[in-house]
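No gaps in the numbering here: position 326 of the sequence shown is 320 in our numbering, and each next residue is one more. Even for Gly, the Cβ is constructed at its ideal location relative to N, Cα and C.
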Amino acid sequence: MRRISLLVIGLFLITRTAYSQSDSTLVQANQFFNFFIGGDIEKAYPYFDNEFQSKVSFEQIKSLRRQFLTSYGDFKSVIKTSPHTQKNVKYVLLTVAFDRAKPVFALTINTENKIAGLFTTAENYITKYTDPNYVKKDSYLEENIAIETGEFKLPGLLTRPKVGENYPVVVLIHGSGPQNMDEQTGNLKPFRDLALGLAAKGIATIRYDKRTRIYGKKSTAAGQNIGVKEEVIDDATSAILFAQKLNKVNPKKVVLLGHSLGAQLAPEIALNNKLLSGIIMLAAPARTIGEMLNEQFRYLIKDSAALAQNLKLAAEIAHADTIKNQNKVLLGANASYFTELNKLNQVLTAKKLTLPILILQGERDYQVTITDLNIWKKAIGNSKNVVIKSFPKLNHSFTEGEGALSSPAEYNIPANIPEYVIIDISNFIHSNL
């Protein structure tokens, strides 16, 4: 699932044509921002023009402020304010200092000197992702590889232990969206954490850029709509075949590790691929995408009008097969994509598998929740080939945080997958294969 709040996306995209600026505009921009980020929304909100206010509520602006502070840390000061014009759009850029970042905010200005749009143009984190401190740099080697499926060639990395041979290899399968090989979101790189951590435990990994990241709309033959087969399954199958042929790898110990959408598809891939020796499912959806979106929207969106609109979208996705125009775009994908995805029954498919299965879940995950984990437990929790475990502090990306559930802004805080997760995965592989 995508990690950024749909609410925030909506706020960032409200920009329109604006006109002349003056010194007073810069003064007003500074005044607005100090009211806004300081939490005095009653004084900040009137700076927006009528059209903005018709689309973005007072409560949404309050929520946006909270998300910025969660992402960037405490506000310090406005460093610089400058006027700009691009394609007849007049706007003010504010470079702002927070504890963890120096983002650049843009305010578009209309003819009446009102704010017509608010968005960020750069985040400039002061603290950024670093490799896990539980991994020694001399414990692993990395080699550039390419995963090829017909005409599609995806850059990737083989990460392996520096010493030894005949080791297991894990193929990492992404969640939804055009992910890179590290599955990076904000300041998190969970696939890099897994690759380095497992190499230190004597296990190789294969990870690669997703087809939709490299080829975008050209990820299928001309005129064809993309589905999960083209997005994930075909390239995962190619990666498994690639793993089988690697030097120093035990071809009888090839494991598939899927995260989110990748975990949802892992049983389907395993059912049709006898080369796999086991599957590992992180944040594995057990419900349909429509059900999960409904739950996410209710958690993320506090404005009643915006919530109603998004719940309608979730319902459309849940019943995508009833949409006459299967090319209709819903959340960035054609209706046909969700029609295909809704036909999958990953729980039923997993029941048919006899190979070892490890299911891991973060209890603070708001995208794939404990509700999903309980479905897995009820369906296959007592099966001898299945191990299920959850972690109280972990979010959807398997990094730690505080509170009952995480938020989208949490993904911007640099962190690593804890070593105890790496140990559990390593122990499962070494004990069951």
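Which whole runs of the alpha helix (DSSP H) in the region 190 to 249 are 4 residues long or more, in chain order?
205 to 209 and 228 to 238
What are the boundary residues of the beta strand (DSSP E) that residue 71 is part of?
Position 77 of the sequence shown, counted from the start, is the residue given in the question as residue 71. Taken as a continuous stretch (DSSP letters only), the beta strand (DSSP E) holding residue 71 covers 69 to 80.
When you compare only the Cα positions, how much space is there between residue 158 and residue 409?
Sequence index remark: in the sequence shown, residue 158 carries index 164 (1-based). Sequence index remark: in the sequence shown, residue 409 carries index 415 (1-based). Their backbone Cα atoms lie some 30 Å apart in a straight line.
Looking only at its chain, what residues have a beta carbon closer than 7 Å to the beta carbon of residue 305, apart from the 5 residues adjacent to it on each side?
The count along the sequence shown starts at 1 and reaches residue 305 at position 311. Closer than 7 Å at Cβ, skipping near neighbours: 288 and 291.
Would you mind stating whether residue 89 and residue 96 have Cβ atoms separated by less than 8 Å?
What you label residue 89 is simply residue 95 of the sequence shown in a count that begins at 1. What you label residue 96 is simply residue 102 of the sequence shown in a count that begins at 1. Yes.
Under the assumption that residue 137 contacts residue 151 (Cβ atoms under 8 Å), give the Cβ distance between them as a whole number of angstroms.
As a position in the sequence shown, residue 137 is number 143, starting the count at 1. As a position in the sequence shown, residue 151 is number 157, starting the count at 1. With 8 Å as the limit, residue 137 and residue 151 qualify as a contact, their Cβ atoms being about 7 Å apart.
For residue 292, three-class secondary structure by DSSP:
Numbered from 1 along the sequence shown, position 298 holds the residue referred to as residue 292. Residue 292: helix per DSSP, three-state reduction.
Closest Cα partner of residue 163 within the set 334, 196 and 178:
Taking the sequence shown and counting its residues from 1, one reaches residue 163 at position 169. Ranking 334, 196 and 178 by Cα distance to residue 163 puts 196 first.
By alpha-carbon positions, which one of 180, 211, 175 and 323 ends up nearest to residue 200?
As a working note, residue 200 is residue 206 in the sequence shown. Looking at the Cα atoms, 175 is the closest of the given residues.
May I ask which residues mark the beginning and end of the alpha helix (DSSP H) holding residue 309?
On the sequence shown, residue 309 is found 315 positions in, with the first residue counted as 1. Residue 309 -> alpha helix (DSSP H) spans 298 to 312.
Span of the beta strand (DSSP E) holding residue 384?
On the sequence shown, position 390 is the one that residue 384 refers to. Run containing residue 384: 380 to 385, per the beta strand (DSSP E) assignment.
Is it true that the CB of residue 389 sits closer than 8 Å to the CB of residue 358?
Taking the sequence shown and counting its residues from 1, the one referred to as residue 358 is at position 364. Taking the sequence shown and counting its residues from 1, the one referred to as residue 389 is at position 395. Yes, the Cβ-Cβ distance between residue 358 and residue 389 is below 8 Å.
How do the region 369 to 385 and the region 396 to 408 stand: do at least 3 beta-carbon pairs fall below 8 Å, yes or no?
no
Where residue 167 sits in the DSSP three-state scheme
Position 173 of the sequence shown, counted from the first residue, corresponds to residue 167. Strand.
Name the residue from 86, 58, 132 and 134 whose alpha carbon lies nearest to the alpha carbon of residue 107.
Taking the sequence shown and counting its residues from 1, the one referred to as residue 107 is at position 113. Considering only alpha carbons, the answer is 86.
Please confirm whether residue 134 and residue 153 have their CB atoms less than 8 Å apart.
Along the sequence shown, one-based indexing puts residue 134 at 140. Along the sequence shown, one-based indexing puts residue 153 at 159. Against a cut-off of 8 Å, the Cβ pair of residue 153 and residue 134 comes out as a contact.
Under 6 Å Cβ to Cβ from residue 341, same chain only, skipping five residues before and after it: list those, please.
Here residue 341 corresponds to residue number 347 of the sequence shown, with the count starting at 1. Contacts found: 280 and 373.
Would you kindly report the start and end of the unbroken alpha helix (DSSP H) that includes residue 264?
If you number the sequence shown from 1, residue 264 lands on position 270. It spans 255 to 265 - the alpha helix (DSSP H) in which residue 264 sits, taken as one unbroken run.
If you drop the 5 nearest sequence neighbours on each side, which residues of the same chain put their C-beta closer than 8 Å to that of residue 348?
Walking along the sequence shown from the start, residue 348 turns up at place 354. So the qualifying residues of the chain are 379.
Would you kindly report the start and end of the unbroken beta strand (DSSP E) that includes residue 143?
Here the question's residue 143 lines up with position 149 in the sequence shown. Segment 134 to 143, the beta strand (DSSP E) holding residue 143.
Between 205, 361 and 355, which lies nearest to residue 386 when the distance is taken from Cα to Cα?
Counted from its first residue, the sequence shown places residue 386 at position 392. Comparing Cα-Cα distances from residue 386 to each of 205, 361 and 355, the minimum goes to 355.
Short of 6 Å in beta carbon distance, which residues of its chain neighbour residue 26, apart from the five on each side in sequence? Order them along the chain.
Residue 26 sits at position 32 when you count from the first residue of the sequence shown. Only 38 and 41 meet the Cβ criterion.
Alpha carbons only, please: which of 160, 207, 238 and 193 is nearest the one belonging to residue 417?
On the sequence shown, position 423 is the one that residue 417 refers to. Closest by alpha carbon: 193.
Residue 161 - DSSP class collapsed to helix/strand/coil
Locating residue 161 in the sequence shown gives position 167, counting from the first residue. Strand.
Going by other Cβ atoms of all chains shown within 10 Å of its Cβ, with 16 needed for buried, is residue 402 buried or exposed?
Translated into the one-based positions of the sequence shown, residue 402 becomes position 408. With 16 or more other Cβ atoms within 10 Å, it is buried.
Residue 400 classed as buried or exposed, judged by whether at least 16 other C-beta atoms fall within 10 angstroms
Mapped onto the sequence shown, residue 400 falls at position 406. Residue 400 should be labelled buried.
To the nearest angstrom, how far is it from the Cα of residue 191 to the Cα of residue 46?
Within the sequence shown, numbered from 1, the residue matching residue 191 stands at position 197. Within the sequence shown, numbered from 1, the residue matching residue 46 stands at position 52. When rounded, the distance between both Cα atoms is 47 Å.
N- and C-terminal bounds of the alpha helix (DSSP H) containing residue 54
Residue 54 sits at position 60 when you count from the first residue of the sequence shown. Element bounds for residue 54: 52 to 66.
Delimiting residues of the beta strand (DSSP E) encompassing residue 119:
What you label residue 119 is simply residue 125 of the sequence shown in a count that begins at 1. Counting along the chain, residue 119 falls outside any beta strand (DSSP E), and DSSP gives it neither H nor E.
Let me check one thing: in DSSP terms, what residues is residue 252 bridge-paired to?
Walking along the sequence shown from the start, residue 252 turns up at place 258. In the DSSP output, where bridge partners are listed per residue, residue 252 has 167 and 275.
Tell me the residue span of the alpha helix (DSSP H) that contains residue 414.
For the purposes of this step, residue 414 is taken as the residue at position 420 of the sequence shown. Note, residue 414: alpha helix (DSSP H), 413 to 426.
Burial state of residue 94 (16 or more Cβ within 10 Å):
Taking the first residue of the sequence shown as position 1, residue 94 is located at position 100. That one is buried.
Please go through the same chain and pick out, in chain order, the residues whose beta-carbon is closer than 8 Å to the beta-carbon of residue 35, but skip the five residues on each side of it.
Looking up residue 35 in the sequence shown gives position 41. Around residue 35: 29, 52, 55, 56 and 59.
Rounded to a whole number of angstroms, what is the C-alpha to C-alpha distance between residue 220 and residue 104?
The residue given as residue 220 occupies position 226 in the sequence shown. The residue given as residue 104 occupies position 110 in the sequence shown. Using only the alpha carbons, I get a separation of about 40 Å.
Who are the near neighbours of residue 317 in its chain, counting only those whose CB is closer than 6 Å to its CB and skipping five residues on each side?
Counting from one through the sequence shown, the residue named residue 317 turns up at place 323. Counting only Cβ-Cβ distances below 6 Å, and skipping sequence neighbours, we find 329.
Alpha carbon to alpha carbon, what distance is there between residue 22 and residue 371?
Residue 371 sits at position 377 when you count from the first residue of the sequence shown. Residue 22 sits at position 28 when you count from the first residue of the sequence shown. Going from the Cα of residue 371 to the Cα of residue 22 covers about 56 Å.
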